[in-house]
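Structure first, then comments.
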Amino acid sequence: MTDLAPAAPRIPSPARGALREAAARIDAATPEDRDRAVDALRALAILGVVLGHWLVTALVADGGSLHSASPLGDMPWLAPVSWAFQTLAVFFLVGGHVATRGYVSARARGESYGRWLSARLSRLFRPVLAVLALWTVTAALLLLTGADFVTVHTLVKLALSPMWFLLVFAALTAATPLLTRLHPLWPLVVVLHMDLLRFGFGAPSWLGWVNLAAGWLVPYALGAAWTRGELDRPRAGWILLTGGTAATAALVAWAGYPASMVGVPGASVSNLNPPTLAAVTFGLAQCGLALLLRDRLRRAMRRPVAWAAVALVNLSAMTIFLWHQTALMATTATGLLAGRLPGLHTLPDGLDWVAVRLAWLPVFALVLAGCWATFRSCEQRGRGRRRTRVVHTHRPQRRATGAGARHV
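In terms of the working numbering, the numbers along the sequence shown are unbroken and rise by one, the last being 411.
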C-alpha cells in the first residue's frame, strides 16, 4: 500500500540534535577497550524484568479492595511471555562476571575485601531506603484512613517483592572470594537433589528454599567462569543454549514442572518461588543465548545513541528496578478515580485484557520516568567522582583484546 500524499522531508529538530550530541559525548568518554556487551546484557535483563512484571501483574478491583491476579492463570497458553521476560538468570550471569572481575582488580590494587564489599553493597542498598520509607508512610496512611487491609497488604507485597532479589544478590556478592573458582555444576547438583527430595520423595516443601541460593548461584558461577575466560568460545554458548533448552522442555513435558517461568497465583508449584530445576535449566539456556549475542551487541553498541541509552539504564538500574512496581500501582490507584478501567482494574481473563494492557505500558513507563527523576539521586549520591562509572570503570588488562574482552 502506498501513501496518497508525498512524505514531508525530515528536518532534524533542535531537541534531536541535542540528544545526538549528548550521545556522542557519552560515546567519546567511553574507553575503547570497554566491553559494552556486558552493559547491554545488564540493561536488557533489567528491562525484561520490568516489562514482565507489567504484563503479568494485574490488580483487580473487587468491591472496595484490590487483589493481585495474573493473565497466566486464565490463559496458561501465554506462558511463552514468561520465557521472554524472566531474565534474572542473565542479570546474575553479568553480576557474577562483574563481581569476580572487580574483586580481582581490587586485590591487584591492594584494596581490602571489606572496603570492596562495602562499596558494592552501599551502591546496591542505598536506593532501597527511599522505597522503604515511602511505602512505610503510604501503608500507615492507608490503614489510618480506613483502607481495606487486603488492599494494603497486596500493594506493599508487590512493592517490596523485588527486595528478595537484592538479598540473594548481596549474599552472593559477599561470597565472591569463595566463588571465583566454583564450577557451576555443583550448585546445579544441589538444586537437582532438592527437587528430587521435594517432588520425588515427599520431603518437606521448605527444603526448596535451599534453591533460593543454589539456583541463582548457577548463573553467578557461570559469570565467574566467564571472567576466567572459560566461556569465550561460541561452543560454550551453544552447549548451554541447547542443553538448557532440551532439559527444560523435558522437565515440563515429562516431569510435571509448570511451563510458566514465573509464579502464577493459585498454582500448586511455582518455578520461581523458590527456583526449581526447570527454572535453573531455563536460566542456563538464557545464559547461553546471552553469551552467543555478545559480538552482535558489541557491534550494536558502537552506535552512539544505542550506547547512550544503555549507559543511562545502567546508571539508574537500581532505581528502575526498585520503582517499576510502584509506577504500576500508582497508575492503578490514580485510575480508580475514573472508575474501573479495562486492562488496569479488570480480571485478566481474555485477549481483550492483554490488548488493553499493552496500551497501558507507555503510561507505566511515563510514571516510572517520574519516579526516576525524583529518586535517582538516591542511587547517585555518594559516588562523587565515580558518577560516570558506567563508562569509566573496570578497565581491562592491557593484554586483553577488544574482540575477546572479558571485562566490564
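All C-beta atoms in this analysis are idealised placements derived from N, C-alpha and C, irrespective of residue type, glycine included.
When we look at the beta-carbon of tryptophan 80 and count the other beta-carbons within 10 Å, is it buried (16 or more) or exposed?
Residue mapping note: residue 80 aligns to position 77 of the sequence shown, counting from 1. Per the 10 Å Cβ criterion, exposed.
With the cut-off set at 7 Å, would you say serine 73 and proline 307 are in Cβ contact?
Position 70 of the sequence shown, counted from the start, is the residue given in the question as residue 73. Position 304 of the sequence shown, counted from the start, is the residue given in the question as residue 307. No, these two residues do not count as a Cβ contact at 7 Å.
Express the C-alpha separation of leucine 161 and alanine 224 in angstroms, rounding to a whole number.
Translated into the one-based positions of the sequence shown, residue 224 becomes position 221. Translated into the one-based positions of the sequence shown, residue 161 becomes position 158. Roughly 29 Å separates the two Cα atoms.
With distances taken between CB atoms, is the gap from alanine 262 to alanine 92 smaller than 7 Å?
As a first step, residue 262 must be located in the sequence shown, where it is residue number 259. As a first step, residue 92 must be located in the sequence shown, where it is residue number 89. For alanine 262 and alanine 92, no; Cβs fall outside 7 Å.
Limits of the unbroken beta strand (DSSP E) element including valine 272
For the purposes of this step, residue 272 is identified with residue 269 of the sequence shown, where counting begins at 1. Neither: valine 272 is in no beta strand (DSSP E) and is coded neither H nor E.
Residue from Leu325, Thr245, Met332 and Phe94 whose Cα sits closest to the Cα of valine 221:
Looking up residue 221 in the sequence shown gives position 218. Nearest of Leu325, Thr245, Met332 and Phe94 to valine 221, Cα basis: Phe94.
Contact set for alanine 133: own chain, Cβ-Cβ below 6 Å, skip 5 residues either direction
As a first step, residue 133 must be located in the sequence shown, where it is residue number 130. If we look at alanine 133 and ignore the five residues flanking it on each side, its Cβ neighbours are Phe378 and Cys381.
In the DSSP output, which residue or residues are listed as bridge partners for alanine 64?
Residue 64 sits at position 61 when you count from the first residue of the sequence shown. Paired residues: Leu69.
Can you look up proline 74 in the DSSP assignment and give me helix, strand or coil?
On the sequence shown, residue 74 is found 71 positions in, with the first residue counted as 1. DSSP places proline 74 in helix when its eight states are reduced to three.
By a C-beta neighbour count over all protein chains shown, 10 Å radius and 16 as the cutoff for buried, is glycine 240 buried or exposed?
Residue mapping note: residue 240 aligns to position 237 of the sequence shown, counting from 1. Looking at its Cβ environment, which holds 16 or more other Cβ atoms inside 10 Å, glycine 240 is buried.
Is proline 207 helix, strand or coil when you go by DSSP?
Indexing the sequence shown from 1 puts residue 207 at position 204. Three-state DSSP puts proline 207 in coil, outside helix and strand.
On the DSSP letters alone, give me the boundaries of the alpha helix (DSSP H) that methionine 304 sits inside.
As a position in the sequence shown, residue 304 is number 301, starting the count at 1. That residue, methionine 304, is in no alpha helix (DSSP H); it is neither H nor E in DSSP.
Selection from Val366, Trp375, Tyr106 and Leu170 that minimises the alpha carbon distance to leucine 58
On the sequence shown, residue 58 is found 55 positions in, with the first residue counted as 1. Answer by Cα proximity: Val366.
Residue span of the alpha helix (DSSP H) that contains glutamate 382, given as start and end
As a first step, residue 382 must be located in the sequence shown, where it is residue number 379. 354-383 is the span of the alpha helix (DSSP H), which, as asked, contains glutamate 382.
Cβ shell of serine 164 (< 6 Å), same chain only, five flanking positions each side left out
Taking the first residue of the sequence shown as position 1, residue 164 is located at position 161. Answer for serine 164: no residue qualifies.
What runs of the alpha helix (DSSP H), each 4 residues or longer, lie entirely inside the stretch 84-109?
none
Give every residue of the same chain whose Cβ lies closer than 6 Å to the Cβ of histidine 327, excluding the five residues on either side of it in the sequence, and list them in chain order.
Counting from 1 along the sequence shown, the entry for residue 327 is found at position 324. Cβ within range, chain order: Val53 and Leu371.
Check whether the stretch 209-217 touches the stretch 271-283, counting contact only when three or more Cβ pairs, one atom from each stretch, lie closer than 8 Å.
yes
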